[in-house]
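S.K.:
In full-length UniProt numbering, the protein residues as written are 1 to 710.
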């Protein structure tokens, strides 16, 4: 019965009130397809897990030694290509196979063995054995190998197998391990695309070299594995010295390992795994006549590489005719008590009696005389900075520095603290002061490009797009190679169609600064003629001239007051025949202002293509220190003028680097490099105890501006 009081609202769309249909045939089909796909995926995974996964193997390589007691060692066993080596190696591999066949865990996974080397005692065989082990069974194989060692070594029993009698079988943990497919097993030891092995026998009194692939002309290659087997005569020991060492910082990627054995076994690993950078002349002494050196790189970043020398010595006389340091290093006796830490542990500088050319420090150390009174405590006890009073005719600065009386009130801050210019009255800007565009005179030390508007019109901060390198990685070590683009203002000057002669510095897109003595004519060559020269910019290695930018010269301007006898005013300008475009490897160095001072004790950098021990024509660099001008003048017998700067090496061992005549002496200030000097005379890299002499560029700032507009 219906309630007549209830009113039903009419539907606006009758279709919306119809009962929805259930899934049709299309929906059922789609669902079945999805279900079938899921089932197929599950079945595929199960099949792979229970059938195909068994084809995945872990390739394990073990290294080991085996002593053969019924054989005597002969020299032919050192040569892997000799008939004797091959015959004995074949017998050893047969017996290793026989040994592994006795173990159920090893026989079914054994792939093969290789004999690496033989050595004395009676004959020791160094071998590597490979196993293809199913995933999950590797621990069992490790235990089986250890058990094998105990069977043949711990019991120390003599075993007769075939023609050989042997005992003392020792295996390492697996050297390499990686998953492979059973259908694609790698050949034994094909770990890296570039694998190399070298065997050498070092003779007494002979120093040999090993180095990474490509060194020193190019970085080592990625994915490289190199092993050197080094041995000496019985009763001798081996010493390995890394002269240069630069690898990637991460030891997990690139490394060198040294073993006191002919095979790379962990129990014979010497010291730590080596990577990154090592100090020059890092030494490893091995208490054995056998060494294995392993170098490995991965596919990531590479670096410059390494070079090492190795030599044998008699333990009863480790340093014949040489001085033995406490760290076992041998050095030339002439290096003792010369003021330089040649040993690395300073034992060559202890208990010394200094000659007249040296400072006798109170602590018993000798130091070169040119470090006296430069404001740096070289002795460690301030002996070299005592009694530094000024002589007659010298002005004493507020910081106790001494300068010539003639330099007072000359508009140049010759004192490091500028006290020689205090209280001076000036009516006009002198040549040696920095003149702002608004007429203001600035006597502030090194005001240009220091990030501060000293002039008030910012003219001291204009033209400061210089002295910076796009290359950011820098390793400043004496006498080492510079990195590509590290000194983009360095120029190599060549006589046309010949080799490098002098260096120069880029100061603009058209102008170079070099030494005047580089452009003086002689009887054979007209060095003063622009057509004689070609300039290479952006050059790093002399053998890669085709990759550098070459320019010819339009004009050469030597300083008119250059003295070829005293080398005074030794500076010249070169104009290029066309401007260059600046890039990452070609950039100008900043010019200092006339007031800029580079005081004694400050560090500067010398660059040039000097000869290296490896003979590589690669740009070199070395840090040197500014020397007190008064001390330097005494050392150089009064030959130093105010237009010269003296500098000496910071540490020993810089003799591998020789800065080029005309090349830059660079000073780092306010995040940029300034041209502090030009290599003039003396030894370019200031060989130990011999200061190098450089043209003082601030003294010629006005002349450079006049001639070039820069």
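In this text, a Cβ means the ideal position worked out from N, Cα and C, and glycines have one as well.
1. Along the chain, where does the alpha helix (DSSP H) that runs through residue 551 open and close?
2. Would you report the Cα separation of residue 709 and residue 572, rounded to the nearest angstrom?
3. Ends of the alpha helix (DSSP H) at residue 83?
4. Could you check whether residue 195 and residue 305 sit closer than 8 Å to each other, using their CB atoms as the reference points?
5. Are residue 566 and residue 639 touching if we call contact CB-CB under 8 Å?
6. Under the DSSP definition of a beta bridge, which residues are partnered with residue 209?
7. Go to residue 702, then tell me how far its beta strand (DSSP E) extends in each direction, as first and last residue.
8. Consult DSSP for residue 360 and reduce its assignment to one of helix, strand or coil.
9. Excluding the 5 residues preceding and the 5 following residue 345 in the sequence, name in chain order all residues of the same chain whose CB lies nearer than 7 Å to its CB.
10. Just checking residue 235 against the ligand ADP - is the residue's beta carbon closer than 7 Å to any of the ligand's heavy atoms?
11. In its own chain, which residues sit with a C-beta less than 7 Å from the C-beta of residue 548, not counting the 5 before and 5 after it?
12. Counting along the chain, where does the alpha helix (DSSP H) carrying residue 591 start and finish?
13. Using a Cβ-Cβ cutoff of less than 8 Å, which residues in the same chain neighbour residue 48 once the five nearest sequence positions on both sides are dropped?
14. Can you tell me whether residue 262 is helix, strand or coil according to DSSP?
15. Could you check if residue 384 is buried or exposed, using at least 16 other CB atoms within 10 Å of its CB as the buried criterion?
16. May I ask you to report which of helix, strand or coil DSSP gives residue 609?
17. Per DSSP, what kind of secondary structure is residue 336 in: helix, strand or coil?
18. Helix, strand or coil, according to DSSP, for residue 369 in the structure here?
19. From the DSSP secondary-structure annotation, give me the bridge partner or partners of residue 386.
20. Out of 297, 115, 81, state which residue places its alpha-carbon closest to the alpha-carbon of residue 95.
21. Near residue 601, which residues of its chain fall below 7 Å by C-beta distance, leaving aside the five closest residues on each side in sequence?
22. Going along the chain, which residues of its own chain have a beta-carbon closer than 8 Å to the beta-carbon of residue 103, five neighbours each way excluded?
23. Does the beta-carbon distance from residue 197 to residue 218 come in below 8 Å?
24. The beta strand (DSSP E) with residue 297 in it runs from where to where?
25. With distances taken Cα to Cα, identify the nearest neighbour of residue 274 among 253, 265, 263, 267.
26. Return the residue from the list 221, 68, 232 that minimises the CA-CA distance to residue 300.
27. So residue 122 packs on residue 68, CB below 8 Å; how close in whole Å?
28. Do three or more CB pairs link the region 502 to 509 to the region 660 to 669 at distances below 8 Å?
29. Taking the DSSP output, what are the residues bridged to residue 622?
30. Report buried or exposed for residue 239, applying the criterion of at least 16 other Cβ atoms within 10 angstroms of its Cβ.
31. Which residue from 702, 408, 362 puts its Cα closest to that of residue 386?
32. Under the rule that 16 or more other beta-carbon atoms within 10 Å means buried, what is residue 553, buried or exposed?
33. Just the Cα atoms here: how many angstroms apart are residue 100 and residue 87?
34. Between which two residues does the alpha helix (DSSP H) holding residue 104 run?
35. Between 568, 534, 562, which lies nearest to residue 555 when the distance is taken from Cα to Cα?
36. In its own chain, which residues sit with a C-beta less than 6 Å from the C-beta of residue 414, not counting the 5 before and 5 after it?
M.R.: The relevant details are as follows:
1. Where residue 551 is concerned, there is no enclosing alpha helix (DSSP H), although the beta strand (DSSP E) it sits in stretches over 549 to 558.
2. 15 Å
3. 83 to 101
4. no
5. yes
6. 309
7. First-last for residue 702: 701 to 708, but that is the alpha helix (DSSP H), not the beta strand (DSSP E).
8. strand
9. 325, 326, 327
10. In the structure on display, the ligand ADP does not appear, and there are no ligands present to speak of.
11. 536, 537, 538, 539
12. Looking at the DSSP string, residue 591 is not in any alpha helix (DSSP H), and its letter there is neither H nor E.
13. Its pLDDT being 46, under 50, residue 48 is placed unreliably in this model, and the value from its coordinates should be taken loosely. So the list is empty, once near-sequence residues are dropped.
14. coil
15. buried
16. coil
17. coil
18. helix
19. None; residue 386 has no bridge partner.
20. 115
21. 374, 375, 376, 625, 626
22. 144, 147, 148
23. no
24. 290 to 297
25. 253
26. 221
27. 6 Å
28. yes
29. 606
30. buried
31. 362
32. buried
33. 20 Å
34. 104 to 107
35. 534
36. 403, 407, 420
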